[in-house]
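Protein sequence lines, in the order shown, are assigned to chains A and B. So that you can map any letter, position 1 of the first sequence is -7 in this note's numbering, and since no number is skipped, the others follow by simple counting. So that you can map any letter, position 34 of the second sequence is 590 in this note's numbering, and since no number is skipped, the others follow by simple counting. Yeah, the Cβ is synthetic: ideal placement off N, Cα and C, and Gly gets one too. Please read these numbers as outputs of a predicted model, since none were measured by experiment. The block underneath contains the structure these notes are about, expressed in structure tokens.
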Amino acid sequence: ETGVTQSPTHLIKTRGQQVTLRCSSQSGHNTVSWYQQALGQGPQFIFQYYREEENGRGNFPPRFSGLQFPNYSSELNVNALELDDSALYLCASSLSGKETQYFGPGTRLLVL
Amino acid sequence: AQSVTQLDSHVSVSEGTPVLLRCNYSSSYSPSLFWYVQHPNKGLQLLLKYTSAATLVKGINGFEAEFKKSETSFHLTKPSAHMSDAAEYFCVVSDAMNYGGATNKLIFGTGTLLAVQP
């Protein structure tokens, strides 16, 4: 059984740029959630994807967007990067109807 | 709204002594609660979960947690700390989203950093 994988592991961007982060869900899981973890804080829910549609969203602006593909993998896109977007971005997969989410190792984004 | 409060931001114990990490929850219904652990520069690993079955939940690596409704608490314990337990621990509650067909979102506490002294 393959766990949740994310790429890249680290990324450096400058303010105003755009970034795409990728996530492959655990085998058999059809739901992907994204979280942002700023330094020294707990993860905050960004949004969730199920059946290739956004299924719920946290308190994040529209410049945070995502996609889910037929194989259940997912992308997180952030436009017009701001310094405060610097964080660890975590992807979690789960099976619809089940509450337990399994996390990937994260992508650490630094915005200069 | 669902929420969790971790009562200690830092806990330091000696190797071989008991560990207690405290968490209180707020929920309008019977909650599903989790503890996750995050080692430095790593993702989150599920330690254990409570989903309204037995109130004493056993997890991995010798950790356990007890759900106490009267105290709205879900404290994490381990009888004997090991150096490898040094990490950040998050108490988490599952929050239902009113959308059909998929799972809930997770709401995290602010974390407790556990240090284990030799």
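Proximity test, Cβ basis, 7 Å: residue i and chain B
i: A:Gly96; result: yes
i: A:Leu104; result: no
i: A:Glu44; result: no
i: A:Thr92; result: yes
i: A:Phe37; result: yes
i: A:Tyr81; result: no
i: A:Gly48; result: yes
i: A:Arg(-5); result: Looking at the sequence itself, residue -5 of chain A is Gly, so the reference to Arg does not match. Output row for A:Gly(-5): interface = no.
i: A:Gly34; result: yes
Anticipated Cβ contact below 8 Å, residue i with residue j, distance rounded
i: A:Thr120; j: A:Tyr81; result: Nothing can be reported for residue 120 of chain A: it is not among the residues displayed for chain A, which extend from -7 to 104.
i: B:Leu600; j: B:Gln594; result: 5 Å
i: B:Val569; j: B:Ala643; result: Contact flag wrong, Cβ pair sits at about 13 Å.
i: B:Ser583; j: B:Gln558; result: 5 Å
is_contact[residue i, chain A] using C-beta, thresh 7 Å
i: B:Thr628; result: no
i: B:Leu588; result: Here the sequence assigns Ser to residue 588 of chain B, which means Leu is not the residue at that position. At least one chain A Cβ lies under 7 Å of B:Ser588.
i: B:Gly599; result: yes
i: B:Leu662; result: yes
i: B:Gly657; result: Summary for B:Gly657: the model assigns pLDDT 46, below 50, so the residue's position carries little reliability; its value from the coordinates is reported in the next sentence. So, interface residue.
i: B:Ser559; result: no
i: B:Met639; result: no
Beta-carbon proximity of residue i to residue j, cut-off 7 Å
i: B:Leu632; j: B:Leu577; result: yes
i: B:Val672; j: B:Met639; result: yes
i: B:Asn580; j: B:Thr611; result: no
i: A:Ser25; j: A:Ala72; result: no
i: B:Val575; j: B:Lys634; result: yes
Taking three-plus beta-carbon pairs below 8 Å as touching, is the stretch 53 to 72 of chain A in contact with the stretch 616 to 634 of chain B?
-> no
How about the stretch 13 to 27 of chain A and the stretch 62 to 79 of chain A: do they share at least three Cβ pairs that are nearer than 8 Å?
-> yes
Enumerate, from N- to C-terminal direction, the unbroken beta strand (DSSP E) stretches of 3 or more residues contained entirely within the stretch 563 to 594 of chain B.
-> 566 to 570, 575 to 577, 579 to 582, 589 to 594
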